[in-house]
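Reviewing the structure listed below.
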Amino acid sequence: MASGGTAHPIVEKVDGDAMSVDKLPEEINEMKIKDDKVEKEMEATVVDGNGTETGHIIVTTIGGRNGQPKQTISYMAERVVGQGSFGIVFQAKCLETGEAVAIKKVLQDKRYKNRELQTMRLLDHPNVVSLKHCFFSTTDKDELYLNLVLEYVPETAYRVARHYSKANQRMPMIYVKLYTYQVNPHTHQLKLCDFGSAKVLVKGEPNISYICSRYYRAPELIFGATEYTTAIDVWSVGCVLGELLLGQVLGTPTREEIKCMNPNYTEFKFPQIKAHPWHKIFHKRTPPEAVDLVSRLLQYSPNLRCTALEACTHPFFNELRDPNTRLPNGRPLPPLFNFKPQVMVPIGISYIILTAWV
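Going by the working numbering, the first residue of the sequence shown is number 34, and it counts up by one from there.
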(Lines of atoms letter the chains of each structure in order from A and count residues from 1; the text may use other names and numbers.)
(Lines give C-alpha, C1' and ligand atoms only; values in the text may rest on other atoms or scores of the structure.)
Protein backbone atom coordinates (compact mmCIF):
# COMPACT_ATOMS: atom_id res chain seq x y z
CA MET A 1 0.00 0.00 0.00
CA ALA A 2 1.25 3.44 -0.81
CA SER A 3 -0.21 6.57 0.67
CA GLY A 4 0.21 10.17 -0.29
CA GLY A 5 -1.07 10.47 -3.87
CA THR A 6 -2.81 13.51 -5.26
CA ALA A 7 -6.43 13.44 -6.34
CA HIS A 8 -7.36 14.64 -9.83
CA PRO A 9 -10.46 16.37 -11.20
CA ILE A 10 -12.87 13.94 -12.81
CA VAL A 11 -15.87 14.11 -15.08
CA GLU A 12 -18.57 11.49 -14.64
CA LYS A 13 -21.98 11.08 -16.24
CA VAL A 14 -24.98 10.60 -14.01
CA ASP A 15 -28.31 9.89 -15.69
CA GLY A 16 -26.90 11.17 -18.98
CA ASP A 17 -25.73 14.54 -17.65
CA ALA A 18 -22.05 15.36 -17.35
CA MET A 19 -21.10 16.14 -13.78
CA SER A 20 -17.84 17.97 -13.20
CA VAL A 21 -16.14 17.35 -9.88
CA ASP A 22 -13.58 19.82 -8.61
CA LYS A 23 -10.18 18.70 -7.38
CA LEU A 24 -10.68 16.54 -4.31
CA PRO A 25 -9.11 17.45 -0.96
CA GLU A 26 -6.08 15.35 -0.03
CA GLU A 27 -7.77 13.84 3.02
CA ILE A 28 -10.11 11.96 0.67
CA ASN A 29 -7.24 9.71 -0.36
CA GLU A 30 -6.36 8.86 3.21
CA MET A 31 -8.08 6.62 5.69
CA LYS A 32 -9.10 8.08 9.03
CA ILE A 33 -6.18 8.53 11.42
CA LYS A 34 -6.78 7.12 14.86
CA ASP A 35 -6.98 9.40 17.84
CA ASP A 36 -3.82 9.29 19.97
CA LYS A 37 -5.94 8.42 23.00
CA VAL A 38 -6.87 5.03 21.59
CA GLU A 39 -3.49 4.26 20.02
CA LYS A 40 -2.45 0.66 20.60
CA GLU A 41 0.43 0.16 23.02
CA MET A 42 3.71 -1.36 21.97
CA GLU A 43 4.44 -4.22 24.33
CA ALA A 44 7.98 -5.07 25.46
CA THR A 45 8.64 -8.80 25.07
CA VAL A 46 6.71 -12.02 25.23
CA VAL A 47 6.55 -13.42 28.74
CA ASP A 48 6.53 -17.08 27.83
CA GLY A 49 6.58 -18.97 24.55
CA ASN A 50 7.61 -18.25 20.99
CA GLY A 51 6.30 -21.23 19.01
CA THR A 52 3.54 -21.49 16.43
CA GLU A 53 2.84 -25.21 16.56
CA THR A 54 -0.70 -26.32 17.38
CA GLY A 55 -1.42 -26.19 21.10
CA HIS A 56 1.52 -23.96 21.98
CA ILE A 57 0.65 -21.37 24.63
CA ILE A 58 1.94 -17.81 24.27
CA VAL A 59 1.64 -15.54 27.29
CA THR A 60 2.12 -11.79 27.13
CA THR A 61 1.01 -8.68 28.99
CA ILE A 62 -0.80 -5.48 28.08
CA GLY A 63 -1.32 -2.26 29.99
CA GLY A 64 0.98 -1.00 32.72
CA ARG A 65 1.15 2.52 31.33
CA ASN A 66 -0.50 5.76 32.41
CA GLY A 67 -1.64 4.17 35.65
CA GLN A 68 -3.35 1.25 33.93
CA PRO A 69 -2.97 -2.14 35.62
CA LYS A 70 -0.94 -4.79 33.85
CA GLN A 71 -3.01 -7.60 32.39
CA THR A 72 -1.82 -11.03 31.31
CA ILE A 73 -3.20 -12.44 28.05
CA SER A 74 -2.65 -16.00 26.84
CA TYR A 75 -2.99 -17.28 23.28
CA MET A 76 -3.09 -20.87 22.11
CA ALA A 77 -1.72 -21.42 18.60
CA GLU A 78 -4.14 -23.42 16.45
CA ARG A 79 -2.88 -23.55 12.86
CA VAL A 80 -0.66 -21.78 10.36
CA VAL A 81 -2.74 -19.81 7.83
CA GLY A 82 0.04 -18.15 5.84
CA GLN A 83 3.79 -17.88 5.54
CA GLY A 84 6.39 -16.27 3.33
CA SER A 85 9.66 -14.40 3.34
CA PHE A 86 8.15 -11.90 5.80
CA GLY A 87 7.48 -14.53 8.48
CA ILE A 88 4.40 -16.50 9.43
CA VAL A 89 0.72 -15.92 10.24
CA PHE A 90 -1.12 -18.33 12.50
CA GLN A 91 -4.61 -18.55 13.89
CA ALA A 92 -4.81 -18.51 17.67
CA LYS A 93 -7.40 -18.38 20.42
CA CYS A 94 -7.36 -15.99 23.32
CA LEU A 95 -7.74 -18.25 26.36
CA GLU A 96 -9.24 -15.49 28.50
CA THR A 97 -12.06 -14.58 26.08
CA GLY A 98 -12.22 -17.45 23.58
CA GLU A 99 -11.85 -14.95 20.72
CA ALA A 100 -10.17 -16.12 17.50
CA VAL A 101 -7.28 -13.91 16.38
CA ALA A 102 -4.57 -13.95 13.74
CA ILE A 103 -0.99 -13.43 14.93
CA LYS A 104 1.49 -12.23 12.34
CA LYS A 105 5.03 -12.98 13.43
CA VAL A 106 7.68 -10.97 11.54
CA LEU A 107 11.45 -11.22 11.91
CA GLN A 108 12.93 -7.80 12.68
CA ASP A 109 15.80 -7.71 10.20
CA LYS A 110 18.03 -4.69 10.85
CA ARG A 111 18.80 -4.45 7.12
CA TYR A 112 15.19 -3.58 6.26
CA LYS A 113 12.78 -1.01 7.63
CA ASN A 114 9.43 -2.54 8.56
CA ARG A 115 6.65 0.05 8.73
CA GLU A 116 3.75 -2.36 9.19
CA LEU A 117 3.22 -1.65 12.89
CA GLN A 118 3.46 2.08 12.29
CA THR A 119 0.90 1.81 9.48
CA MET A 120 -1.49 -0.46 11.38
CA ARG A 121 -1.52 1.94 14.33
CA LEU A 122 -2.61 4.74 12.01
CA LEU A 123 -5.41 3.03 10.10
CA ASP A 124 -8.97 2.89 11.36
CA HIS A 125 -11.33 1.61 8.69
CA PRO A 126 -14.09 -1.04 8.51
CA ASN A 127 -12.35 -2.67 5.53
CA VAL A 128 -8.98 -3.00 7.28
CA VAL A 129 -8.35 -5.71 9.87
CA SER A 130 -8.05 -4.17 13.32
CA LEU A 131 -4.83 -4.30 15.32
CA LYS A 132 -5.68 -5.57 18.81
CA HIS A 133 -2.20 -5.27 20.28
CA CYS A 134 1.40 -6.28 19.64
CA PHE A 135 4.45 -7.64 21.41
CA PHE A 136 8.02 -8.72 20.78
CA SER A 137 9.36 -12.24 21.15
CA THR A 138 12.86 -13.66 20.99
CA THR A 139 14.40 -17.01 20.05
CA ASP A 140 17.35 -19.02 21.32
CA LYS A 141 19.38 -17.48 18.47
CA ASP A 142 18.63 -13.98 19.80
CA GLU A 143 16.37 -13.26 16.83
CA LEU A 144 13.77 -10.59 17.51
CA TYR A 145 10.22 -11.03 16.20
CA LEU A 146 7.38 -8.54 16.11
CA ASN A 147 4.00 -10.18 16.78
CA LEU A 148 0.92 -8.35 15.52
CA VAL A 149 -2.32 -9.60 17.08
CA LEU A 150 -4.97 -8.94 14.44
CA GLU A 151 -8.66 -9.46 13.84
CA TYR A 152 -9.12 -12.93 12.35
CA VAL A 153 -10.82 -13.12 8.93
CA PRO A 154 -11.41 -16.73 7.84
CA GLU A 155 -11.27 -16.54 4.04
CA THR A 156 -9.23 -14.97 1.24
CA ALA A 157 -10.28 -13.84 -2.21
CA TYR A 158 -7.48 -15.99 -3.64
CA ARG A 159 -8.94 -19.19 -2.19
CA VAL A 160 -12.44 -18.26 -3.35
CA ALA A 161 -11.16 -17.55 -6.87
CA ARG A 162 -9.20 -20.82 -6.91
CA HIS A 163 -12.34 -22.71 -5.83
CA TYR A 164 -14.28 -21.42 -8.86
CA SER A 165 -11.31 -21.97 -11.18
CA LYS A 166 -10.89 -25.61 -10.14
CA ALA A 167 -14.61 -26.18 -10.66
CA ASN A 168 -14.37 -24.60 -14.15
CA GLN A 169 -16.91 -22.02 -13.06
CA ARG A 170 -16.89 -18.25 -13.24
CA MET A 171 -17.14 -16.31 -10.01
CA PRO A 172 -20.56 -14.61 -9.67
CA MET A 173 -20.23 -11.02 -10.85
CA ILE A 174 -21.56 -9.67 -7.54
CA TYR A 175 -18.61 -11.34 -5.78
CA VAL A 176 -16.16 -9.86 -8.27
CA LYS A 177 -17.51 -6.42 -7.39
CA LEU A 178 -17.11 -7.05 -3.67
CA TYR A 179 -13.78 -8.90 -3.43
CA THR A 180 -10.18 -7.90 -3.68
CA TYR A 181 -8.31 -9.57 -0.84
CA GLN A 182 -9.48 -11.09 2.47
CA VAL A 183 -13.15 -11.83 2.93
CA ASN A 184 -15.65 -12.72 5.63
CA PRO A 185 -17.45 -15.66 3.92
CA HIS A 186 -20.71 -15.00 5.81
CA THR A 187 -21.09 -11.27 5.19
CA HIS A 188 -18.76 -11.08 2.14
CA GLN A 189 -17.14 -8.02 3.69
CA LEU A 190 -13.67 -7.26 2.36
CA LYS A 191 -10.80 -6.75 4.82
CA LEU A 192 -7.31 -5.67 3.82
CA CYS A 193 -4.78 -7.32 6.09
CA ASP A 194 -1.19 -7.11 4.82
CA PHE A 195 0.67 -3.82 5.14
CA GLY A 196 4.18 -5.25 5.27
CA SER A 197 5.30 -3.18 2.27
CA ALA A 198 3.28 -0.07 3.07
CA LYS A 199 4.88 3.33 3.01
CA VAL A 200 3.65 6.92 3.10
CA LEU A 201 4.95 8.41 -0.13
CA VAL A 202 6.69 11.77 0.03
CA LYS A 203 7.04 13.74 -3.20
CA GLY A 204 10.67 13.98 -4.27
CA GLU A 205 11.79 11.23 -1.91
CA PRO A 206 13.14 8.13 -3.74
CA ASN A 207 11.60 4.73 -3.03
CA ILE A 208 12.72 1.20 -3.75
CA SER A 209 11.47 -0.20 -7.06
CA TYR A 210 11.61 -3.88 -6.08
CA ILE A 211 8.28 -3.89 -4.27
CA CYS A 212 4.89 -5.59 -4.67
CA SER A 213 4.12 -9.21 -5.60
CA ARG A 214 5.21 -10.21 -9.11
CA TYR A 215 1.83 -10.65 -10.82
CA TYR A 216 0.52 -7.36 -9.45
CA ARG A 217 3.61 -5.18 -9.92
CA ALA A 218 3.02 -2.00 -11.89
CA PRO A 219 5.12 -1.61 -15.06
CA GLU A 220 6.93 1.45 -13.74
CA LEU A 221 8.24 -0.71 -10.88
CA ILE A 222 9.40 -3.40 -13.31
CA PHE A 223 11.31 -0.71 -15.17
CA GLY A 224 13.07 0.37 -11.98
CA ALA A 225 11.27 3.64 -11.28
CA THR A 226 12.04 5.02 -7.81
CA GLU A 227 9.72 8.03 -7.92
CA TYR A 228 6.19 6.72 -8.22
CA THR A 229 2.74 7.42 -6.85
CA THR A 230 -0.26 5.54 -5.50
CA ALA A 231 -0.98 4.70 -9.14
CA ILE A 232 1.06 1.53 -8.48
CA ASP A 233 -1.75 0.40 -6.17
CA VAL A 234 -4.37 1.20 -8.82
CA TRP A 235 -2.51 -1.08 -11.26
CA SER A 236 -2.51 -3.86 -8.64
CA VAL A 237 -6.26 -3.49 -8.16
CA GLY A 238 -6.70 -3.76 -11.93
CA CYS A 239 -4.68 -7.00 -11.92
CA VAL A 240 -6.85 -8.43 -9.13
CA LEU A 241 -10.06 -7.40 -10.89
CA GLY A 242 -8.86 -8.94 -14.15
CA GLU A 243 -7.91 -12.15 -12.35
CA LEU A 244 -11.33 -12.42 -10.69
CA LEU A 245 -13.06 -11.89 -14.04
CA LEU A 246 -10.79 -14.25 -15.96
CA GLY A 247 -10.21 -16.97 -13.36
CA GLN A 248 -6.44 -16.70 -13.82
CA VAL A 249 -3.71 -14.06 -13.68
CA LEU A 250 -3.42 -11.61 -16.60
CA GLY A 251 -0.55 -12.41 -18.96
CA THR A 252 3.18 -4.63 -24.97
CA PRO A 253 3.63 -1.26 -24.31
CA THR A 254 4.70 1.25 -26.94
CA ARG A 255 7.97 3.21 -26.68
CA GLU A 256 6.02 6.25 -25.50
CA GLU A 257 4.37 4.22 -22.73
CA ILE A 258 7.74 2.80 -21.66
CA LYS A 259 9.04 6.36 -21.40
CA CYS A 260 6.14 7.21 -19.09
CA MET A 261 7.01 4.24 -16.87
CA ASN A 262 10.65 5.29 -16.48
CA PRO A 263 12.24 7.97 -18.70
CA ASN A 264 15.73 6.69 -17.78
CA TYR A 265 15.11 3.17 -19.13
CA THR A 266 16.66 3.16 -22.60
CA GLU A 267 19.00 0.19 -22.41
CA PHE A 268 16.78 -2.48 -23.93
CA LYS A 269 14.98 -2.56 -27.26
CA PHE A 270 11.67 -4.36 -26.90
CA PRO A 271 10.04 -6.12 -29.85
CA GLN A 272 6.91 -4.38 -31.03
CA ILE A 273 4.20 -6.96 -30.41
CA LYS A 274 0.64 -5.98 -31.18
CA ALA A 275 -1.45 -6.04 -28.01
CA HIS A 276 -4.57 -8.19 -27.78
CA PRO A 277 -7.77 -6.13 -27.50
CA TRP A 278 -9.51 -6.52 -24.14
CA HIS A 279 -12.61 -8.11 -25.64
CA LYS A 280 -10.45 -10.99 -26.89
CA ILE A 281 -8.87 -11.54 -23.47
CA PHE A 282 -12.08 -11.80 -21.46
CA HIS A 283 -15.00 -14.14 -21.97
CA LYS A 284 -17.63 -12.83 -24.37
CA ARG A 285 -20.20 -12.79 -21.54
CA THR A 286 -18.04 -10.49 -19.40
CA PRO A 287 -20.00 -7.25 -18.89
CA PRO A 288 -18.59 -4.44 -21.06
CA GLU A 289 -18.47 -2.09 -18.07
CA ALA A 290 -16.18 -4.60 -16.28
CA VAL A 291 -13.81 -4.67 -19.25
CA ASP A 292 -13.91 -0.87 -19.43
CA LEU A 293 -12.94 -0.55 -15.75
CA VAL A 294 -10.04 -2.99 -16.17
CA SER A 295 -8.79 -0.99 -19.16
CA ARG A 296 -8.87 2.22 -17.10
CA LEU A 297 -7.00 0.65 -14.19
CA LEU A 298 -4.37 -1.08 -16.33
CA GLN A 299 -3.00 1.88 -18.24
CA TYR A 300 0.75 1.60 -18.84
CA SER A 301 1.15 5.34 -18.21
CA PRO A 302 0.63 5.98 -14.46
CA ASN A 303 -0.85 9.43 -15.11
CA LEU A 304 -3.56 7.96 -17.33
CA ARG A 305 -4.84 5.45 -14.76
CA CYS A 306 -8.01 6.37 -12.97
CA THR A 307 -7.73 7.09 -9.26
CA ALA A 308 -9.31 4.92 -6.58
CA LEU A 309 -12.19 7.38 -6.14
CA GLU A 310 -12.76 7.59 -9.87
CA ALA A 311 -12.96 3.79 -9.93
CA CYS A 312 -15.61 3.91 -7.19
CA THR A 313 -17.81 6.04 -9.43
CA HIS A 314 -17.54 3.64 -12.38
CA PRO A 315 -20.83 2.15 -13.69
CA PHE A 316 -19.44 -1.34 -13.01
CA PHE A 317 -20.32 -0.78 -9.34
CA ASN A 318 -23.81 0.65 -9.94
CA GLU A 319 -25.40 -2.63 -8.85
CA LEU A 320 -23.83 -2.21 -5.41
CA ARG A 321 -25.56 1.16 -5.06
CA ASP A 322 -28.98 -0.43 -5.55
CA PRO A 323 -30.54 -0.91 -2.07
CA ASN A 324 -32.45 -3.93 -3.38
CA THR A 325 -29.34 -5.87 -4.42
CA ARG A 326 -28.82 -9.14 -2.54
CA LEU A 327 -26.06 -11.72 -2.37
CA PRO A 328 -26.66 -15.09 -4.08
CA ASN A 329 -27.56 -16.52 -0.66
CA GLY A 330 -30.27 -13.87 -0.22
CA ARG A 331 -28.41 -11.88 2.42
CA PRO A 332 -28.05 -8.09 2.10
CA LEU A 333 -24.75 -6.61 0.97
CA PRO A 334 -22.15 -5.72 3.62
CA PRO A 335 -21.79 -2.01 4.51
CA LEU A 336 -20.11 -0.38 1.53
CA PHE A 337 -20.77 3.34 1.79
CA ASN A 338 -20.42 3.95 5.53
CA PHE A 339 -17.85 6.69 5.03
CA LYS A 340 -16.80 8.99 7.85
CA PRO A 341 -18.51 12.42 7.65
CA GLN A 342 -15.20 14.18 6.96
CA VAL A 343 -14.58 11.91 3.97
CA MET A 344 -17.74 13.00 2.17
CA VAL A 345 -16.72 16.62 1.64
CA PRO A 346 -16.93 16.74 -2.19
CA ILE A 347 -20.64 16.86 -2.93
CA GLY A 348 -20.26 15.75 -6.55
CA ILE A 349 -18.24 12.63 -5.83
CA SER A 350 -20.41 11.65 -2.88
CA TYR A 351 -23.50 11.97 -5.07
CA ILE A 352 -22.03 9.66 -7.70
CA ILE A 353 -20.85 7.06 -5.19
CA LEU A 354 -23.90 7.05 -2.94
CA THR A 355 -26.78 7.61 -5.35
CA ALA A 356 -28.85 4.43 -5.68
CA TRP A 357 -28.88 2.77 -9.05
CA VAL A 358 -32.00 3.58 -11.04
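Ideal Cβ positions, reconstructed from N, Cα and C, are used throughout, including at glycine.
Just so we're clear, the structure is a prediction, and the values are computed from it rather than from any experiment.
Segment contact: the segment 178-192 against the segment 346-363, fewer than three CB-CB distances shorter than 8 angstroms; contact not assigned. Residue pairing by DSSP places L179 opposite V139 and F169 in a beta bridge. Per DSSP, K146 is not a residue of any alpha helix (DSSP H), being assigned neither H nor E.
Counted as a single uninterrupted DSSP element, the beta strand (DSSP E) harbouring S107 occupies residues Q104 to G117. Inclusion of Y185 and G120 in the CB contact set at 9 angstroms is not warranted, their separation being larger than that value.
Comparing alpha-carbon positions, the option among Q141, V233, Q222 and L330 lying closest to T172 turns out to be Q141. Using a Cβ-Cβ distance cut-off of 8 angstroms, the segment 274-283 and the segment 323-338 are in contact, since at least three pairs of beta carbons, one from each stretch, lie closer than that value. Contact between the segment 224-232 and the segment 196-210 is absent: fewer than 3 CB-CB pairs across the two stretches fall below 8 angstroms. Inter-residue distance for E188 and R112 is about 14 angstroms (C-alpha atoms, whole angstroms). When the beta-carbon positions are compared, L181 and I244 stay at least 9 angstroms from each other. By the 16-neighbour rule on beta-carbons within 10 angstroms, K313 is exposed. Around the C-beta of A231, 16 or more other C-beta atoms lie within 10 Å, and the residue is accordingly described as buried.
DSSP places I241 outside both helix and strand once states are collapsed to three, so it counts as coil. CA-CA distance, V114 to K143, rounds to 26 angstroms. G88 and M109 do touch by the CB rule: their CB atoms are close to 7 angstroms apart, below 8 angstroms.
Residue state for T220 is assigned as coil, using DSSP reduced to three classes. About 5 angstroms separates the Cβ atoms of K103 and T94, confirming a contact at the 8 angstroms cut-off. With contacts defined by Cβ atoms closer than 9 angstroms, T340 and V267 form a contacting pair. Counting every other CB atom within 10 Å of its CB across the protein chains shown gives T259 a total below 16, marking it as exposed.
Listed in chain order, the non-local C-beta contacts of P368 below 8 angstroms within the same chain comprise P159 and Q222, local neighbours out to five positions each way being set aside.
Comparing alpha-carbon positions, the option among V162, F168, M153 and L155 lying closest to I106 turns out to be F168. Between Y333 and V282, the beta carbon gap of about 17 angstroms keeps them out of contact (Cβ cut-off 8 angstroms). C345 carries a helical assignment under DSSP once its states are collapsed to helix, strand and coil. For L342, the closest C-alpha among the options L366, L360, T358 and A264 is that of A264.
Taking the C-beta atoms as reference points, L156 is found nearer than 9 angstroms to F228.
Counting every other CB atom within 10 Å of its CB across the protein chains shown gives P365 a total below 16, marking it as exposed. Counting C-beta atoms within 10 angstroms of its own C-beta, K236 has fewer than 16 neighbours from the protein chains shown and is therefore classed as exposed. In the assembly as shown, Y261 is a buried residue. Its beta-carbon has 16 or more other beta-carbons within 10 Å.
Boundaries for C226: no alpha helix (DSSP H) harbours it, and the DSSP string shows neither H nor E there.
The beta-carbon separation of K165 and V134, rounded to 6 angstroms, stays under the 8 angstroms limit for a contact. Residue environment for K317: exposed (fewer than 16 other C-beta atoms within 10 angstroms of its C-beta). In the displayed model, L283 falls within coil according to three-state DSSP, outside both helix and strand. Here Q151 is exposed, its C-beta having fewer than 16 other C-beta atoms within 10 Å.
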